[in-house]
Amino acid sequence: MPTVVVAKHKMVIAIDPGHGGKDPGAIGKSSRVKEKHITLAISKQLKRLLDADANFKAVLTRRSDYYIGVNKRSEVARKHKANLLVSIHADVSPVSKSVRGASVWVLSNRRANNEMGKWLEDHEKQSELLGGIGSVLSGNKERYLDTTVLDLQFSHAQRAGYDLGKNVLKELKKVVPLVRRTPQHASLAVLRSPDIPSILVETGFLSNPKEERNLSHGAYQKKIARAIYTGLVNYCRTNYVKEPTAKKTEKKKTSQTKRKVAHKTRSRLKNKIVSKTKAKPTIKIVKIHRETKKKVVRSIKSYVVKKDDTLYSLARKYGTTPAKLSKLNNIKNNRIFVGQKLRLK
Numbered sequence: 001m002p003t004v005v006v007a008k009h010k011m012v013i014a015i016d017p018g019h020g021g022k023d024p025g026a027i028g029k030s031s032r033v034k035e036k037h038i039t040l041a042i043s044k045q046l047k048r049l050l051d052a053d054a055n056f057k058a059v060l061t062r063r064s065d066y067y068i069g070v071n072k073r074s075e076v077a078r079k080h081k082a083n084l085l086v087s088i089h090a091d092v093s094p095v096s097k098s099v100r101g102a103s104v105w106v107l108s109n110r111r112a113n114n115e116m117g118k119w120l121e122d123h124e125k126q127s128e129l130l131g132g133i134g135s136v137l138s139g140n141k142e143r144y145l146d147t148t149v150l151d152l153q154f155s156h157a158q159r160a161g162y163d164l165g166k167n168v169l170k171e172l173k174k175v176v177p178l179v180r181r182t183p184q185h186a187s188l189a190v191l192r193s194p195d196i197p198s199i200l201v202e203t204g205f206l207s208n209p210k211e212e213r214n215l216s217h218g219a220y221q222k223k224i225a226r227a228i229y230t231g232l233v234n235y236c237r238t239n240y241v242k243e244p245t246a247k248k249t250e251k252k253k254t255s256q257t258k259r260k261v262a263h264k265t266r267s268r269l270k271n272k273i274v275s276k277t278k279a280k281p282t283i284k285i286v287k288i289h290r291e292t293k294k295k296v297v298r299s300i301k302s303y304v305v306k307k308d309d310t311l312y313s314l315a316r317k318y319g320t321t322p323a324k325l326s327k328l329n330n331i332k333n334n335r336i337f338v339g340q341k342l343r344l345k
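In this text, residue positions in the sequence shown follow full-length UniProt numbering: the first is 1, and each later residue adds one.
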């Protein structure tokens, strides 16, 4: 199972157009087209595709027709903190014109072991490669620790390069024939960076007349670039998880806060509406009760005074006034007594 790495920023892809300047690379047999021009054209197409994708940032090791040493190519990639390096080339067969097809190459174990030995002797390279731990290793007398750490780094780069190569080949076979269906191991200088997983893509054979014509055409170059781009996307989707940026996280938090506030507001309004709705029937009930009570009062014409009754309490109870009760019953000084029968009307 592949190791999934969390990418905090855009994935940086270093694109290396093979050859350039005084080094033309392979030369076509028919039109005499030069590999250095083919590789630069495909690389620029690939860069456009990657730059149009918000998840990627592409850098070229050379932007035009000039020479750049193999060692410098890796340094350019490292300077831009590249996550992956893709070197674009075209092949030539000294044996037969009929040989055709694309292929992908990755660092061989033998080359990796040789390169690791060189890096172990170069303390400056160790620091450049491993950051803070590099200074620890350079001051460490236990060589086995140096070897172990660098071996892990090389092993990761090899595995990652091989997995990337498989993804690119899967897409290339949809648009071009393949001379080899799996990534091939080779001792190629451009693949020697232990800190950057790298692949070399041979886009076809300039010694084959048909492929020479195809590789010279812009539409075909776009197909090749699109296949490599899709392979990169598929590889990164499986092996890298993009970490949400602070801005996105802040937006998410703000959105969640707004939703919570809106929910609370809706709940409060709902409660108020429910309270008001419930209150209305209560008021009606009270009114009905009072009306019923008044009807009952009106139907009673007389009352016998009981203990603790007063003229004022009876007046309130039966909806009249002490003065009216006094007048109806010839009461003086508002005095009543238990057992006295009073007219209410």
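Note that CB positions come from ideal geometry on N, CA and C, so glycine has one too. These numbers come from a predicted model, not from an experiment.
Answer with buried or exposed for residue i, where buried requires no fewer than 16 other C-beta atoms within 10 angstroms of its C-beta.
i	result
phenylalanine 154	buried
glycine 20	buried
aspartate 308	exposed
glycine 204	buried
serine 198	buried
serine 43	buried
tyrosine 220	buried
tyrosine 67	exposed
glycine 339	exposed
valine 95	exposed
lysine 345	exposed
asparagine 330	exposed
glutamine 126	Here glutamine 126 scores only 43 on pLDDT, less than 50, and its place in the model should not be relied on; the value that follows carries that caveat. Buried is the call here.
threonine 182	exposed
proline 177	exposed
glycine 28	buried
arginine 237	exposed
glycine 18	buried
Taking 6 Å as the limit between beta carbons, can you name the residues of its chain near residue i, skipping five residues before and five after?
i	result
arginine 180	Ser103
alanine 227	Glu171, Leu172 and Val175
serine 216	Val33
asparagine 214	Tyr220
asparagine 83	Met11 and Val12
Taking DSSP as the reference, what is the three-state secondary structure of residue i?
i	result
phenylalanine 56	strand
valine 70	helix
valine 190	helix
tyrosine 312	helix
isoleucine 285	Confidence is the limiting factor: at isoleucine 285 the pLDDT is only 41, short of 50, which leaves the residue's position unreliable, though a coordinate-based value still follows. Here isoleucine 285 sits in helix by DSSP.
glycine 204	strand
serine 93	coil
valine 175	coil
Please report the Cβ distance between residue i and residue j, rounded to the nearest whole angstrom; I am assuming they are in contact, meaning their Cβ atoms lie under 8 Å.
i	j	result
alanine 41	valine 92	The pair is not a contact, with the Cβ atoms about 17 Å apart (cut-off 8 Å).
asparagine 208	lysine 97	6 Å
serine 187	serine 108	5 Å
valine 168	valine 201	6 Å
alanine 52	isoleucine 13	That pair is no contact at about 13 Å.
valine 190	serine 30	Contact doesn't hold; Cβ gap of about 28 Å is too wide.
asparagine 55	methionine 11	6 Å
leucine 46	tyrosine 229	6 Å
Suppose the cutoff is 8 Å on Cβ atoms and the five residues either side in sequence are ignored; what does the same chain contact list for residue i look like?
i	result
serine 193	Ser74, Ala77, Arg78, Leu85 and Ala157
valine 304	Gly339, Gln340, Lys341 and Leu342
isoleucine 300	Tyr318 and Leu344
serine 326	Leu311, Lys332 and Asn334
Can you name the residues that DSSP bridges to residue i?
i	result
isoleucine 27	Lys34
aspartate 16	Ser87
leucine 342	Tyr303
serine 103	Glu202
histidine 185	Val106
Closer than 7 Å by C-beta to residue i: which residues in its own chain qualify, once you throw out the five before and the five after it? Chain order, please.
i	result
proline 322	Leu311, Tyr312, Ala315 and Asn334
glutamate 211	Arg100, Gly204 and Phe205
lysine 306	Val338
tyrosine 235	Asp163, Leu164 and Asn167
serine 302	Lys341, Leu342, Arg343 and Leu344
Within 8 Å of any Cβ in chain D, is that where the Cβ of residue i sits?
i	result
methionine 11	Of the protein chains in the structure, only one exists, and it is not chain D.
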